[in-house]
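Data block below; observations after.
Numbering (our numbering), first residue to last: 34 to 1087.
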């Protein structure tokens, strides 16, 4: 029960409330004289790049808190000797710097830092909070303090360590000692009650700058992106939707692999408030070059070009970027299926149908651009990564402390502008300007392109070239050019045949030139009309004009001549193509010839348009080539553990290029007796086009054909199809040709050897061979070997002129030649070179004394050092593109081993040693190890090393392939011994062996050559032998280099 004496009276209660009001008012008046600044601290990036590739800074966000700040004037804060002056603040204790060692944070000694910096006079301005409408964290004024690696503060950071910077709690109220208001008359007019006396300033600090020091951040090459719009059009087959063609090209010097979909992880710049969690994730939507889906429209933006405003863009993903956050236990490495490789000079192209986007827009003029998107990347080729046998990227390549590779097309230069209307605008007649332009306009063959694409050839049409662009180089570095022609009504894409490249390289054909097409072919590829230009004349009298007329793209209607006609199974199709082998056919029926057809025009006819071999690629679905069979190989068989079979190959030639075709098993039986050397055929799809296997072909073509069951072949007349094309090397020049190079030669037959038989060292099979001696008018002779049936049936007599296509150069006896199985031979050919040699030999060649390369090559080797295998750095190997051609390059590399792949470092090999070691891989069958080549079984195999080694020098890193001899030199033990330790479970010994090999330095003698893996080309660097460094020789070499500098007048030494 409450004591009544303790209950306050009403007067006492009233006095109590009055006292509280007075105290609150006094505190409010006191608060009106204070300004509170909130500071947010962060690191711009989560890494400190000691190389300086990525500038590093500590970012501060400052904002005035509104609850007590009633002054409308901006506040100026001087950064000198404040918490924003980081070296000064660290020395004075306003900021703290710690290094993370496990779970502990250890203070860093900052006593060596200078107390003053050169930022005197620097200030920042904080606006008044009175008119602020957004959250104060979004209205912060940002101040950046840049820390250079060469500065005193930057020298404190060590590679691999993590650091953090914070504001010390004890110094928050004294963070700034110098500040003042910016006097603005209008601000005072709005509020006359503003106090003029300086107000107290306090600070509230949050956040920390957390970062890790690394030696260098990889910087990606620039990705050049181009876009082109193909407007919608009507055709007989219906409406053709508007499409956007996008191509992305790697402008760097080496291939890179990018992540095209999934959660992207790379360095993202952070602001003071919103932390990007270090290696942040961009949104997970597929990028434009993703191979598994159509290029996503979510990457596009549509811009109104009259107002420069965005009128459409895809909705942004949520905070997780469209992908769930991975758990700490998840494997974050990207799967290989989400990666794509961008090779230098080889653009990747995609097409996006955007008709649905355009249908939502009102009439007007718009531009399309690609929204900037980042991609994770690394140096290398995806095909190489698959060697590890995993589904994901190898662990040693997974680095998220990188700058992203950016895909973007920015306004205005890369914008595709188009007019959008309910109907296409009517064609307006060309209004000529000066007389020269009038003449050029009148000279154009108006409407020629539509006639050509409808199957009505126009003889020598005159067109204007409105665009010239280089394409990816072909095999052997052949230049290719894409051109666009205009007839004032329509325009069409075209490709210039390599035989006319000189018109561009010599400056005759330019953008705006008027041309007369004297030889061309029209084709329909990937739902587009294109022209293949074999020959043209540039009409220089018209100069280079601006675009004539107002041309539009041709409607992508398929010509009637190319309508599909599918043969019925077991029958001959109505257009005389052989599609399938007749089911009841007897073997002798295969001897009959294919029916011939004489109307082999390039336009119209049963075949429609003939596609030149140069234009055949895996991206064309339907094509027909007209080509001569220049070479047909023998039937070969194979037998291994999984399968047996047979095949033969043939080369086909037209006036643009040459291509190799291979037929397996049923197709081998079907076509071997039908195809004859020297005959001309029509070959039509279905026929698979794939990357050429250069180890089996000597043709300068990136692709090759594989006949399928329904591949169609018909005999044709030989009109317009050339005979064999040669690229001769005279016999004297062979001394300058590298070993293993494939070339063509022609000479007079001076000696014919006897037919001999040898046994192959690799297959133990007998082979027939015959040696010939050739001479030519350079005064040299050379020994050439022919093989197999060619050697057995050879019947040319001495003094005959013989041309060989596809001979391999050997250094045996100085220089000697060998005819490849894919090569061909022609006795007394009907060509100018043969007539010239015949006349020379009959005049005085028969009495000439000929020199041999056996004598001259020794001199060449002494003076030039033999093969081009100079000592190179890794950077020089990349810069000089060693191995990027069809030839084999050699080099010597002094490097240090940094990593050896430990999975699959050896293979079980055959133990056969007589008559020579076999070394082929053996397979375990029924407890024994069987060699398919030797047809022998062993109780146990002999393991041999086959390793991938990553080496480094002062210029970079690269992967080398090593075999058994090199593996023993590196690991110091035979592969049998190391495999025994692995099989016994002695993991420590295996790990120690690889660990001891790391950081060892060797002089590697290497060969490099272009290789094919998973239908992708790559350069393979193979070590022939590895020697320990001879320090005496290396020291002498370095001393000689120093002497060169000392002897120079402008020496670099001081």
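Even glycine gets a Cβ: it sits at the ideal position worked out from N, Cα and C.
- Which runs of the alpha helix (DSSP H), 4 residues or longer, sit entirely within the region 385-430? 388-392 and 415-418
- Message: Quick test of the definition: if touching needs 3 or more C-beta pairs under 8 Å, does the region 336-347 touch the region 369-382?
- Response: no
- Taking the C-alpha atoms as reference points, what is the distance between residue 406 and residue 256? 11 Å
- Beta-bridge partners of residue 477, as assigned by DSSP: Paired residue(s): none; residue 477 is not in a bridge.
- Item | residue 856 - containing beta strand (DSSP E), residue span | 849-860
- Leaving out five residues on either side along the sequence, give the residues of the same chain with a beta carbon under 6 Å from the beta carbon of residue 475. none
- DSSP three-state assignment for residue 186, whether helix, strand or coil: coil
- Message: So, under 8 Å CB-CB, residue 431 and residue 366 are touching, yes? Tell me the CB distance rounded to an integer number of Å.
- Response: 5 Å
- Item | Those residues which DSSP pairs with residue 562 across a bridge | 557
- Query: Would DSSP call residue 655 helix, strand or coil?
  - Reply: coil
- Measure the alpha-carbon distance for residue 429 versus residue 933 and round it to whole angstroms. 11 Å
- Query: Measuring CA to CA, which of 978, 1004, 805 and 864 is closest to residue 787?
  - Reply: 805
- Task: Within the same chain, show all residues whose beta-carbon is closer than 6 Å to that of residue 494, passing over the 5 residues directly before and after it, in chain order.
- Result: 478, 481 and 550
- Cβ shell of residue 826 (< 8 Å), same chain only, five flanking positions each side left out: none
- Cutoff 6 Å; reference residue 199; Cβ partners in own chain excluding five residues on either side: 129 and 241
- Message: Tell me the rounded alpha-carbon separation between residue 437 and residue 408.
- Response: 5 Å
- Does the pairing of the region 974-987 with the region 936-949 give three or more beta-carbon distances under 8 Å? yes
- Task: Assign residue 732 to one of two classes, buried (16 or more other C-beta atoms within 10 Å of its C-beta) or exposed (fewer than that).
- Result: buried
- Query: Which same chain residues, not among the five before or five after residue 85, have their C-beta less than 6 Å away from its C-beta?
  - Reply: 182
- Between the CA atoms of residue 523 and residue 664 - distance to the nearest angstrom: 42 Å
- For the putative contact between residue 772 and residue 843, defined by C-beta atoms under 8 Å, what is the C-beta separation to the nearest angstrom? 7 Å
- Message: For residue 997, report the span of its beta strand (DSSP E) as first-last.
- Response: No beta strand (DSSP E) contains residue 997, which is instead part of the alpha helix (DSSP H) from 997-1004.
- Going straight from the alpha carbon of residue 176 to that of residue 105, what length do you get? 22 Å
- Message: If you follow the alpha helix (DSSP H) that residue 120 is in, where does it begin and where does it stop?
- Response: 119-125
- Query: Who are residue 909's beta bridge partners in DSSP?
  - Reply: Partner(s): none; residue 909 has no beta bridge.
- Message: Could you pull the DSSP bridge partners for residue 504 from this structure?
- Response: Paired residue(s): none; residue 504 is not in a bridge.
- Please report how far the alpha carbon of residue 763 lies from the alpha carbon of residue 708, in whole angstroms. 32 Å
- Does DSSP classify residue 549 as helix, strand or coil? strand
- Message: Check this for me: beta carbons of residue 501 and residue 555, under 7 Å apart or not?
- Response: no
- Item | Nearest residue (CA-CA) to residue 682, options 698, 673 and 652 | 698
- Query: Which residues in the same chain as residue 462 place their Cβ atom closer than 7 Å to its Cβ, once the five residues preceding and following it in sequence are excluded?
  - Reply: Only weak support exists for where residue 462 lies, its pLDDT of 32 falling under 50; the coordinates are left without a value.
- Among residues of its own chain, excluding the 5 on either side of residue 1000, which ones have a beta-carbon nearer than 6 Å to its beta-carbon? 978 and 980
- Query: What does DSSP give as the partner residues of residue 27 in its beta bridges?
  - Reply: Since the first and last residues shown for the chain are 34 and 1087, residue 27 lies out of range.
- Task: Have a look at 845, 815, 855 and 810 and flag the residue whose alpha-carbon is nearest the alpha-carbon of residue 822.
- Result: 855
- Task: Note the first and the last residue of the continuous beta strand (DSSP E) segment covering residue 528.
- Result: 523-529
- Taking the alpha-carbon positions, what's the residue 886 to residue 813 distance? 8 Å
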